[in-house]
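Data block below; observations after.
Residue numbers (UniProt numbering): 1 to 93.
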């Protein structure tokens, strides 16, 4: 005879598994030093909500520092923080 499982128990188990995953992810993010976090081009496009051409222009203009390994582009999170800090402006009335 098989044990009876209630749909609520299944839902609770899925929620519990998801929470454990999110907790692990947040601990990893808190531990990592920004200078060691590496982003790829897709991350940058999504982060800034820009097109590949805009990202290319920023690289060519020297705004966006990058490393290229066999055609794949990588960026340091610490460089992204610096870009944002350097281009931050407060509008005065």
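We put the beta carbon where it would ideally sit given N, CA and C, even for glycine.
Alpha carbon to alpha carbon, how far is residue 81 from residue 37?
Position 81 of the chain shown, counting from 1, holds the residue named residue 81. Position 37 of the chain shown, counting from 1, holds the residue named residue 37. Within the model, the alpha-carbon separation for residue 81 versus residue 37 is close to 12 Å.
Rounded to a whole number of angstroms, what is the C-alpha to C-alpha distance between residue 90 and residue 71?
On the chain shown, position 90 is the one that residue 90 refers to. On the chain shown, position 71 is the one that residue 71 refers to. When rounded, the distance between both Cα atoms is 37 Å.
Report the rounded CA-to-CA distance for residue 41 versus residue 24, giving the unit in angstroms.
Here residue 41 is taken as the residue at index 41 of the chain shown, counted from 1. Here residue 24 is taken as the residue at index 24 of the chain shown, counted from 1. Cα to Cα, residue 41 sits roughly 25 Å from residue 24.
Identity of the residues DSSP links to residue 79 by a beta bridge:
By one-based count along the chain shown, residue 79 stands at place 79. Beta-bridge pairing links residue 79 to no other residue.
Using 8 Å as the threshold, is the C-beta distance between residue 35 and residue 76 below it?
Locating residue 35 in the chain shown gives position 35, counting from the first residue. Locating residue 76 in the chain shown gives position 76, counting from the first residue. In contact: residue 35 and residue 76 (Cβ atoms closer than 8 Å).
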